[in-house]
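Chemist:
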Amino acid sequence: MPRGIPADRTHKDEIVAKIRDHGLSVSAASAQYQLSSKTIYAWLREGVVDGNRNLILENNKLKKEIEQLYKLLGRATAEMQRSKD
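Residue numbers for the sequence shown, in the working numbering: 313 to 397.
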């Protein structure tokens, strides 16, 4: 890829996936895609930051869902107790 031309997101993701999932080395990816290794390392760091952010958001979403399920379970248990009495 020529210098100064930004890579599109899918191209970045493809290269990062080949490095992470398929064991392609950064130096091999650098030569294959004509990119500097610094650029690829920056993309790998971005993925870690974005990945952690996504994990935090997913974790918060799951915590809220668990809380809602506990409330629902509590109501269902209370209704069962009332119907037994």
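From the three backbone atoms N, C-alpha and C, an ideal C-beta is built for every residue, glycine too. This one's a predicted model, so the numbers in the text were calculated from it and none came from an experiment.
Roughly how many angstroms separate the alpha carbons of Leu384 and Gln346, rounded to a whole number?
Modeler: So the alpha carbons of these two residues sit roughly 56 Å apart.
Chemist: Quick check on Lys375: buried or exposed, where buried means 16 or more other Cβ atoms within 10 Å of its Cβ?
Modeler: Exposed, by the Cβ-count rule.
Chemist: Buried or exposed for Ile378, going by 16 or more other Cβ atoms inside 10 Å?
Modeler: Classification for Ile378: exposed.
Chemist: CA-CA distance, Ser348 and Glu326?
Modeler: Ser348 and Glu326: Cα-Cα distance of roughly 16 Å.
Chemist: Do you know whose CA, among Met392, Glu391, Thr322, lies nearest Trp355's CA?
Modeler: When each option's Cα is compared against that of Trp355, the closest is Thr322.
Chemist: Report the three-state DSSP secondary structure of Leu347 (helix, strand or coil).
Modeler: It is coil, neither helix nor strand.
Chemist: Out of Tyr353, Arg394, Met392, Ala390, which has the shortest C-alpha to C-alpha gap to Ser342?
Modeler: For the residues Tyr353, Arg394, Met392, Ala390, the minimum Cα distance to Ser342 belongs to Tyr353.
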